[in-house]
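Take a look at the structure set out below.
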Amino acid sequence: MSAEWQPVRQSRTHELVLERIEERVLAGELKAGDRLPPERELAPVLGVSRSALREALRVLETIGVLVSQPGRGPDAGARVVRNPDDALGRLLRLHFALGSYSLGDVLEARVVLERSSFATAAAHASAEDLDEAEALLVRMQEPDVGVTDFNDLDTRFHVAMARGSGNQLTSTLTSAVRESVRPLILQALEAAEDWPATTAALNKEHTELLRLVRAGKGAEAADLVEKHIRGFHGTLVDENAPDDRSEDADR
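Just so we're aligned: the sequence shown equals residues 1 to 251 in the UniProt record's numbering.
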């Protein structure tokens, strides 16, 4: 056991444990792939109870920087990871549900992020990124694709294009913002009066977006993705506008 692990104060113990672990990450002493010492060893070195340590580790799991594997053996215990996409999406979805952000806020965030990512992807996307996006589009165009599968593939298409920009943070934020409204978009797709016509219209725009990116026409791709987002997502904003205004008046 390394002597570098120092005891923490007992006040708000699990938060102090979090601070100590964060300090080691920021100092470069803990990196993705590293394992924390077992609870039975780490808790006494930090001078905290195992329950307080577990609470801190659960928080780190929730925010996507730690994964725990129960049991014994070389794979057991807590390991530092880099998995922000799911964590940020879950966090934004909860805050959206609690009213921290309006649908209009999410719409504008999507527009800003995706205009940038599509424009940049037109200049930097690799063949692998574009082939992945095309494969997703092919699956979205299958006649028997269900609403849930289409929604998932749609999300993955936009995230793949964001990843093609070469900016990992843009990709992560795009995924998180899109994930935050996944339930509402799914409900809107399920309520579509003409499902084949709805998917055909969306896929027509997806196809043109991919063509523009492949052709290196970033400005045109940026304009079209804004139109694409404001078209379907914008409908949700319009439908919920009275509620948004009411909530704003109450704040």
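Just so you know, even glycine gets a beta-carbon here, dropped at the ideal spot from N, CA and C.
Residues near residue 220 by beta carbon distance below 8 Å, same chain, minus five either side: In its chain, beyond the 5 residues on either side, 212 have a beta carbon closer than 8 Å to the beta carbon of residue 220.
Of the residues 47, 28 and 34, which one's Cα is nearest the Cα of residue 6? Minimum Cα-Cα distance from residue 6 among the listed residues 47, 28 and 34 corresponds to 47.
Just the C-alpha distance for residue 154 and residue 210, rounded to the nearest angstrom, thanks. The C-alpha of residue 210 is placed about 13 Å away from the C-alpha of residue 154.
Alpha-carbon spacing of residue 82 relative to residue 179, whole angstroms: The straight-line gap from Cα to Cα measures roughly 18 Å.
If you draw a straight line from the alpha carbon of residue 139 to that of residue 145, how long is it in whole angstroms? Each residue's alpha carbon lies about 8 Å from the other.
Whole angstroms are fine: how far does the CA of residue 30 sit from the CA of residue 53? Taking the straight line from one Cα to the other gives about 17 Å.
Is DSSP giving residue 215 helix, strand or coil here? DSSP places residue 215 outside both helix and strand once states are collapsed to three, so it counts as coil.
Kindly give me the distance between the Cβ atoms of residue 147 and residue 88, rounded to whole angstroms, as I take these residues to be in contact under 8 Å. Rounded to whole angstroms, the Cβ separation of residue 147 and residue 88 is 25 Å, and the two are not in contact under 8 Å.
Could you check what DSSP says for residue 78 in three-state terms: helix, strand or coil? Reduced to three states, the DSSP call for residue 78 is strand.
What is the residue span of the alpha helix (DSSP H) that residue 168 lies within? Annotation for residue 168: the continuous alpha helix (DSSP H) segment containing it runs 168-180.
What's the gap between the Cα of residue 233 and the Cα of residue 99? One alpha carbon belongs to residue 233, the other to residue 99, and they sit about 17 Å apart.
What number of angstroms, rounded off, separates the C-alpha of residue 20 from the C-alpha of residue 105? About 35 Å.
Have a look at residue 17 and residue 58 and give me their C-alpha separation to the nearest angstrom. Their backbone Cα atoms lie some 12 Å apart in a straight line.
What residue from 207, 90, 78 and 160 has the CA that sits closest to residue 41's CA? With distances taken between Cα atoms, residue 41 lies closest to 78.
Leaving out five residues on either side along the sequence, give the residues of the same chain with a beta carbon under 6 Å from the beta carbon of residue 56. Excluding five sequence positions before and after residue 56, the CB atoms of its chain that fall closer than 6 Å to its own CB belong to 14, 17 and 18, given in chain order.
Kindly give me the distance between the Cβ atoms of residue 156 and residue 136, rounded to whole angstroms, as I take these residues to be in contact under 8 Å. Rounded, the Cβ-Cβ distance is 5 Å, consistent with contact.
Validate contact between the stretch 119-135 and the stretch 163-172 using beta carbons, cut 8 Å, 3 pairs: A contact exists between the stretch 119-135 and the stretch 163-172.
CB contact flag (residue 172, residue 113, <8 Å): Judged by their CB atoms, residue 172 and residue 113 are not nearer to each other than the 8 Å cut-off.
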